[in-house]
Amino acid sequence: MTELDPQLYTIAWIAPLGIEARAATYMLDNRHHGRFPLQRGDDYVFQAGDVCGHNVIIATLPAGQEYGTGSAAALASQVKKFFPNLWFGLLVGVAAGLPNLTGPCPRDIRLGDVLVALPEGESAGLIAYDLGKETAKDGFQPLRGGHVLAMTETVVRSAIGSIRLHALDDVQLFRPFYEKMKDKRHEGGTFTDPGQEADRLYETDDSGATKLKDRERRPDDMRTRVWYGTIGSGEKLMKNASRRDALRDKYNLIGIEMEAAGAMNRIPVGVFRGVCDYGDEHKNKDWQPYAAAMAAAYAKAVLAQIGPREGDGQETTGLAMRKVCHIPFRQNKNFTGREPQIEKLRRMLFAEEKERVAVVGLGGMGKTQIALELAHRVKHKMKQYSILWMPAQTMPAFQKTATELVQKLAIPCGSGDDPKEALQSYLSSEATGHWLLILDNADDMTILDGLPGKSTSLFDFLPQSPTGRILITTRSSKIAVNAAGSDVLELAEMMSDEAAAFLGKSLIDKNQLKQVDIVAELLEKLTYLPLTVAQAAAYMNMNRMPIIEYSRLCNRTNQDMINLLSTHLRDETHYSKTQGAVATTWIISFNTICEIDTVAARLLSFIRWIEPKAIPRSILPGPDSDWNLTQALGLVCGYGFLAWREDGETVDMHSLVHLALKIWPGQSSDNFMTQGEAIEHLARVFPSNDWENRSLWRQYFPHVLPLMRSSALKQYTRALDLGYDIGCCLRTDGRIAEGVEVLRSVVTIREKTLAENHPNRLASQHALAMAYQANGQVKQAIELLENVVAIDKKLAKDHPS
1 MTELDPQLYT IAWIAPLGIE ARAATYMLDN RHHGRFPLQR GDDYVFQAGD VCGHNVIIAT
61 LPAGQEYGTG SAAALASQVK KFFPNLWFGL LVGVAAGLPN LTGPCPRDIR LGDVLVALPE
121 GESAGLIAYD LGKETAKDGF QPLRGGHVLA MTETVVRSAI GSIRLHALDD VQLFRPFYEK
181 MKDKRHEGGT FTDPGQEADR LYETDDSGAT KLKDRERRPD DMRTRVWYGT IGSGEKLMKN
241 ASRRDALRDK YNLIGIEMEA AGAMNRIPVG VFRGVCDYGD EHKNKDWQPY AAAMAAAYAK
301 AVLAQIGPRE GDGQETTGLA MRKVCHIPFR QNKNFTGREP QIEKLRRMLF AEEKERVAVV
361 GLGGMGKTQI ALELAHRVKH KMKQYSILWM PAQTMPAFQK TATELVQKLA IPCGSGDDPK
421 EALQSYLSSE ATGHWLLILD NADDMTILDG LPGKSTSLFD FLPQSPTGRI LITTRSSKIA
481 VNAAGSDVLE LAEMMSDEAA AFLGKSLIDK NQLKQVDIVA ELLEKLTYLP LTVAQAAAYM
541 NMNRMPIIEY SRLCNRTNQD MINLLSTHLR DETHYSKTQG AVATTWIISF NTICEIDTVA
601 ARLLSFIRWI EPKAIPRSIL PGPDSDWNLT QALGLVCGYG FLAWREDGET VDMHSLVHLA
661 LKIWPGQSSD NFMTQGEAIE HLARVFPSND WENRSLWRQY FPHVLPLMRS SALKQYTRAL
721 DLGYDIGCCL RTDGRIAEGV EVLRSVVTIR EKTLAENHPN RLASQHALAM AYQANGQVKQ
781 AIELLENVVA IDKKLAKDHP S
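Okay, so the sequence shown: first residue is 1 according to the UniProt record's numbering, each after it adds one.
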């Protein structure tokens with residue numbers, strides 16, 4: 001049997017009772033199979049494993065030994081002697097909870113709740129309430145006021161504080177650990193919740209009589225609470241309600257247990273207890289498994305908040321794979337901000353133990369940079385993890401990296417074997433140990449899912465292991481959900497302060513940042529996108545251009561802005577030159593969408609001709625099937641190019657994406673809408689000036705009015721039809737001056753292109769005359785109407801009837 005090295009273990013998980021130790025073993029990420037070398041005088045056998053990157057030993061009392069502060073002290077003393085590199089300990093198990101339903105700050109502690117010993121104000125986190133002296137004058141006086149000598153290690157208290165920051169949802173940080181082990185077996189059953197109906201609290205009055213207290217059932221999603229405060233530690237089992245209440249009120253206790261005072265003065269332990277009874281004569285063991293499991297889950301959450309110390313976390317001999325770090329890119333020295341996103345990914349992957357997590361966002365949002373920063377942090381702080389970075393933009397790139405990793409890991413792979421399969425098989429074994437796989441740029445569904453007729457896809461080669469984690473970056477929400485279910489982080493633009501800090505790190509001339517207003521204006525123009533900010537900094541650095549001049553460039557014309565967005569940024573994390581310019585990046589995604597869905601292609605090519613904000617669904621061109629339009633919208637939204645508003649009927653497009661759409665060459669096909677076809681569609685769907693259509697035409701105005709001020713009126717006959725309808729609706733809506741402007745443009749062109757008796761010319765002249773009249777331009781209205789009437793009379797005279 002493998003001999004385990006005590007020097008490699010830094011955390012002692014003390015679980016005195018058998019049921020507490022069993023719960024602790026189920027919290028291990030990996031059991032370290034082997035035994036520690038024993039010498040004369042070594043009285044205890046320890047279990048070993050790792051939890052959240054820490055090498056941990058589980059210490060419990062021998063079968064049949066009486067428990068209490070003395071036994072706990074003996075156990076803790078030997079733990080301290082046996083493991084020379086001990087960092088801190090955790091005392092994890094069950095205790096009696098002490099509810100107090102009266103007073104200014106009532107505590108409705110329930111069975112299954114978690115108690116955490118923590119100093120509060122002048123109160124100590126732990127009180128040894130029966131250790132002291134009895135005097136005739138003062139009665140019983142606890143030694144040192146009941147306070148124990150050692151304090152919980154600062155890093156443990158800091159981790160507890162981190163969990164407390166989540167306040168009402170702190171349970172969500174440890175509940176998943178319980179859910180994974182609740183159905184595991186112990187000698188009396190499982191660790192499942194006995195149910196709130198079995199939770200009975202008896203109150204004692206001044207006469208000593210007890211009665212059942214009726215308490216309102218907690219909602220299922222608030223089943224468990226964590227209570228922070230002082231825990232009493234004594235030598236005797238508490239089954240006396242009156243004595244219990246007296247201690248509670250004297251020391252403001254939240255619970256009572258029997259080991260902490262003994263352990264704490266030997267090792268600075270964090271004390272976490274699950275409530276299994278109320279310290280009265282109704283005490284039994286029915287709730288011990290569930291309470292022990294909840295306390296163990298909280299302890300694991302604490303460890304998840306603490307990264308291994310430098311030098312800790314070396315694997316025990318022969319227990320895990322050869323550790324490798326395959327990150328093809330250096331850590332970005334300019335990386336800044338994004339801490340909430342990185343922390344969320346870290347928590348999902350390593351605290352909540354999600355085996356697959358996806359990061360999704362618009363091209364240029366910084367998905368790869370966030371994954372890279374996380375990979376390097378794991379490399380430095382969680383040394384038990386191998387880091388494997390694999391590109392997913394093409395199958396050949398994935399194949400090449402798989403071959404390199406097979407060689408690095410010394411995985412047996414014959415000349416006829418597929419390296420992808422060999423790597424998958426190796427990583428899927430629990431014996432392999434901990435690994436983090438980053439699958440970067442997983443944007444092409446045909447590569448990930450495979451083409452029709454092909455038996456394998458990239459997803460077919462992804463490993464599965466409880467000791468492995470996969471982080472996927474993608475522009476496609478569909479890919480993200482297919483790969484990781486609901487474990488998806490949607491990435492948005494940087495915060496303004498993050499973008500400013502990033503620009504500051506990227507610029508050579510830091511003095512320019514003193515122009516605060518100009519910097520703020522520029523970043524707003526760049527919409528706080530990391531790639532556009534990086535492009536801007538690189539352009540200014542290369543051309544020695546001041547910020548104010550770059551900002552002027554952005555403000556001149558759309559074409560100037562497009563040119564800047566198309567400027568290539570050289571970056572080692574880009575797999576090809578197309579990734580260095582945000583406009584080019586988006587255009588590649590446009591083309592991918594077109595290959596997937598012809599309806600989506602038609603949508604994109606239409607939207608380039610209208611405004612990017614507040615686009616009504618009803619204005620969009622679509623097939624006869626509403627389902628197909630919904631699917632197409634979902635695809636475009638999935639790439640981050642469109643976003644639904646709360647009304648569910650309106651979408652927005654990112655303004656810079658819309659600019660890129662304008663330079664998109666598109667595809668020569670029936671599915672790509674020209675400006676003329678877009679105007680033809682708008683002329684069909686634009687409503688009449690019936691008053692009941694007012695809501696609709698108001699939604700359409702922002703998208704059609706710019707066309708009326710462009711050359712489209714002169715180019716397309718249907719633009720004149722559209723202009724006529726727009727002008728009539730503007731007049732009806734009370735926007736008289738605008739109506740006059742549009743109708744005058746229509747009339748001017750029709751007077752040059754249509755015969756004087758053409759119905760369309762006459763109709764537009766009549767509409768303009770009505771608009772003139774409404775606008776107070778009576779003279780112009782009369783002149784125009786006289787002309788229309790004269791032509792009508794001539795037509796009537798010449799009519800053969």
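For glycine and all other residues, C-beta sits at the position ideal for the given N, C-alpha and C.
Computed from a predicted model, the values in this text were never measured in an experiment.
The alpha helix (DSSP H) runs lying completely inside the region 66-136 and spanning 4 residues or more are 69-82, given in chain order. By the Cβ rule, the region 333-344 counts as touching the region 487-500, because three or more pairs are nearer than 8 Å.
When DSSP reads this structure, LEU436 sits in a beta bridge with ILE387 and ARG469. ASN563 sits exposed, since fewer than 16 C-beta atoms from the chains shown fall within 10 Å of its C-beta. In this model, LYS400 and VAL406 are separated by some 10 Å (Cα to Cα). Here SER618 carries a helix assignment [DSSP, helix/strand/coil]. At the C-beta level, TRP389 and ILE447 stay beyond 8 Å of one another.
TYR202 and THR210 have their C-alpha atoms roughly 6 Å apart. Bounds of the beta strand (DSSP E) holding TRP227 are 226-233. Here PRO623 has VAL599 and LEU629 as same chain residues with Cβ atoms under 8 Å from its own Cβ, once five neighbours each way along the sequence are excluded. The criterion of a C-beta distance shorter than 8 Å is satisfied by ASN671 and ARG602. DSSP places ARG218 in no beta strand (DSSP E); its state is neither H nor E.
Secondary structure of ASP29 (DSSP, three-state): coil. Distance from the CA atom of ASN543 to the CA atom of ARG718, rounded to whole angstroms, is 46 Å. The beta carbons of PRO546 and PHE502 sit about 18 Å from each other, so the pair does not count as a contact at 8 Å. Counting C-beta pairs closer than 8 Å gives three or more between the region 603-623 and the region 639-654, which meets the contact rule.
For VAL324, no alpha helix (DSSP H) segment is defined, and its DSSP state is neither H nor E.
Taking the Cα of ALA683 as reference, the smallest distance to any Cα among ALA712, SER695 and VAL271 is reached at ALA712. Counting C-beta pairs closer than 8 Å gives three or more between the region 369-380 and the region 322-333, which meets the contact rule.
No Cβ-Cβ contact shorter than 8 Å links ARG750 with GLY739. Straight-line measurement puts the Cα of SER625 at about 20 Å from the Cα of PHE686. Proximity of the region 222-239 to the region 73-83 falls short of the contact definition, fewer than three beta-carbon pairs being nearer than 8 Å. Under the three-state reduction of DSSP, PHE335 is assigned to coil, being neither helix nor strand. With a cutoff of 8 Å on beta-carbon distance, ARG469 and LEU507 are scored as not near each other.
With 16 or more neighbouring CB atoms inside 10 Å of its own CB, GLY366 falls in the buried class. Judged by beta-carbon spacing, TYR129 lies beyond the 8 Å limit of GLN78, meaning their Cβ atoms are not closer than that value.
Boundaries around LEU253 are those of the beta strand (DSSP E), 253-257, since no alpha helix (DSSP H) includes it. Of all alpha-carbon atoms in ALA774, ALA358, ASP792 and TYR251, the one lying nearest the alpha-carbon of SER486 is that of ALA358.
Looking at GLN393, GLN512 and PHE177, the one whose alpha-carbon comes closest to that of THR368 is GLN393. Sequence-distant Cβ neighbours of GLN464 in its own chain, meaning closer than 8 Å and more than five residues away, are GLU355 and SER428.
A straight-line Cα-Cα distance of about 30 Å links GLY195 and ASN30. In the three-state reduction of the DSSP assignment, TRP609 falls in the coil class. Nearest neighbour of HIS766 by Cα position, chosen from LEU754, LYS793, ILE736 and CYS728, turns out to be CYS728. When DSSP states are grouped into helix, strand and coil, GLN47 belongs to the strand group. Secondary structure at GLU549: helix, using DSSP grouped into helix, strand and coil. For VAL271, the enclosing beta strand (DSSP E) covers residues 269-277.
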